[in-house]
Amino acid sequence: MTRRAVITGLGIVSPIGIGTEAFWRAALAGRSGIGRPTLFDASKLPPECQIVGEVSNFDPRDWMPAPAA
């Protein structure tokens, strides 16, 4: 029996970089993407939920056609 794998996408969307090159540069530089949220108010959440890995400046339309985004 032959086993197959299907790769439907290749790339990175992370708090330290969008795209493989940006992510790798930030990882090599030791950059952390963990911190307090800036895109929403977490003040009413438990303390353990107030530290996040937030992806900012990401628009899926920059990476795929608008109907799929």
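One point on numbering: in our numbering, the residue at position 15 of the sequence shown is 89, and numbering is uninterrupted. Where is the CB? At the ideal position from N, CA and C, for every residue including glycine.
For my contact list, residue i and residue j are in at a C-beta cut-off of 8 angstroms; report their separation, rounded to the angstrom.
{"i": "Arg105", "j": "Ile125", "result": "Not really, about 16 angstroms apart at Cβ, beyond 8 angstroms."}
{"i": "Glu128", "j": "Thr112", "result": "6 angstroms"}
{"i": "Ala79", "j": "Gly91", "result": "Contact doesn't hold; Cβ gap of about 25 angstroms is too wide."}
Looking at C-alpha atoms only, which residue of the options is the closest neighbour of residue i?
{"i": "Pro122", "options": "Ile108, Pro141 and Trp98", "result": "Checking the sequence shown, residue 122 turns out to be Glu, not Pro. Nearest of Ile108, Pro141 and Trp98 to Glu122, Cα basis: Ile108."}
{"i": "Asp136", "options": "Met75, Phe97, Val80 and Val87", "result": "Val87"}
{"i": "Pro134", "options": "Gly93, Ala103 and Val80", "result": "Gly93"}
Looking at the strands, I want to know which residues DSSP matches up with residue i.
{"i": "Gly91", "result": "Ser88"}
{"i": "Gly109", "result": "Val126"}
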